[in-house]
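Residue numbers (my numbering): 2 to 342.
In structure tokens:
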């Protein structure tokens, strides 16, 4: 699975509108693509040939090229640390060695042929399902890199559990929040960006229920999924995260897994999660003002698919604002002048 930068993190730009079953089919389709290798990757522009080398650690085969050797050594240490942490939390060992492919830059990473999809600027990592190959670029921030690396390793563990479970239920088709939120929670915990999303949802009475989150295919599966798993892990025990996931794989349904491990269903989970979030993210002893009370709206929805206006940057003279929006289905940068507002 891919990890988009909040992003920080991921594949939502590519798969946001896809139903879970179609997404799962795509993730498992790499075996088919191997049979049609003649066409594999032909739509990607390859700017250079990579002089790959490899070294082995306890659990990883680390693939790198000379200009990133020192960073690759650091990445290998992070990977082993992440593996030890996840194997303990999830009570699971991956028997096969994990291929870890490291690129020295985002531009290099976008040329990868591990998957055939074109990778956008927001994609920061990919975990391929059948061989559990973890692929990502080494960024300038080791903190961000470690976040993405552990996120992708969570997916490797998820794939391995699903593929090797003795009692695997063929009906298991997990909602995106269940897998992506888990990867976020186990890789970063509860970050301030997620707190912002949850606080905004509570203050505007728009925080999704678990049932609604089951049908979400956008960035909310990361943000709200992280918050939901954080509530579960911090309230009961972090190891229950792995127990719930394994139960869902075996029983075929998330709701049944929740009942088995927590003793209640998703409806009750929504109630408890919202109450926990309200107490932990919304100030209880102050009067808050709504945005409309202190500011004026200067962007407006233009068409059904225009849902996003984010990342504003004001010009030095204060007369213009550059921002990211999805007015034309694809995200782009727009410029708004003071007069237009």
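From the three backbone atoms N, C-alpha and C, an ideal C-beta is built for every residue, glycine too.
Keep in mind that this is a model prediction, so the values were computed, not measured.
Residue i - DSSP class collapsed to helix/strand/coil
i	result
residue 242	helix
residue 149	helix
residue 27	Note that residue 27 has pLDDT 41, beneath the 50 cutoff, so the model's placement of it is unreliable and no number is given.
residue 126	strand
residue 326	strand
residue 294	helix
residue 185	helix
residue 81	helix
residue 51	coil
residue 217	coil
residue 309	coil
residue 138	strand
residue 267	helix
residue 143	helix
Rounded distance between the beta-carbons of residue j and residue i, thought under 8 Å
i	j	result
residue 98	residue 62	5 Å
residue 126	residue 137	4 Å
residue 103	residue 76	6 Å
residue 221	residue 209	7 Å
residue 162	residue 247	6 Å
residue 251	residue 166	6 Å
residue 60	residue 84	5 Å
residue 95	residue 157	7 Å
residue 173	residue 249	6 Å
Residue i versus residue j: straight-line alpha-carbon distance, rounded
i	j	result
residue 197	residue 231	15 Å
residue 145	residue 151	10 Å
residue 32	residue 265	Because residue 32 carries a pLDDT of 39, less than 50, the predicted location of this residue cannot be relied on, and the following value inherits that uncertainty. Going from the Cα of residue 32 to the Cα of residue 265 covers about 38 Å.
residue 242	residue 340	51 Å
residue 217	residue 177	8 Å
residue 332	residue 239	36 Å
residue 356	residue 87	Here the chain covers residues 2 to 342 and nothing more, so residue 356 does not appear.
residue 141	residue 214	33 Å
residue 57	residue 50	22 Å
residue 271	residue 277	10 Å
residue 334	residue 315	13 Å
residue 253	residue 297	48 Å
residue 193	residue 261	31 Å
residue 78	residue 244	27 Å
residue 143	residue 81	15 Å
residue 70	residue 263	46 Å
residue 132	residue 66	21 Å
Residue i versus the options, residue with shortest Cα-Cα distance
i	options	result
residue 303	149, 326, 312	326
residue 282	236, 195, 237, 300	195
residue 305	328, 244, 47	328
residue 47	291, 111, 71	111
residue 205	101, 93, 70, 291	291
residue 274	299, 295, 200	200
C-beta atoms of residue i and residue j nearer than 8 Å
i	j	result
residue 183	residue 155	yes
residue 227	residue 185	yes
residue 323	residue 309	no
residue 159	residue 135	no
residue 175	residue 90	no
residue 267	residue 338	no
residue 68	residue 105	yes
Cβ-heavy atom distance, residue i to the ligand NAP, below 7 Å
i	result
residue 61	Among the components modelled here there is no ligand, and therefore nothing to report on the ligand NAP.
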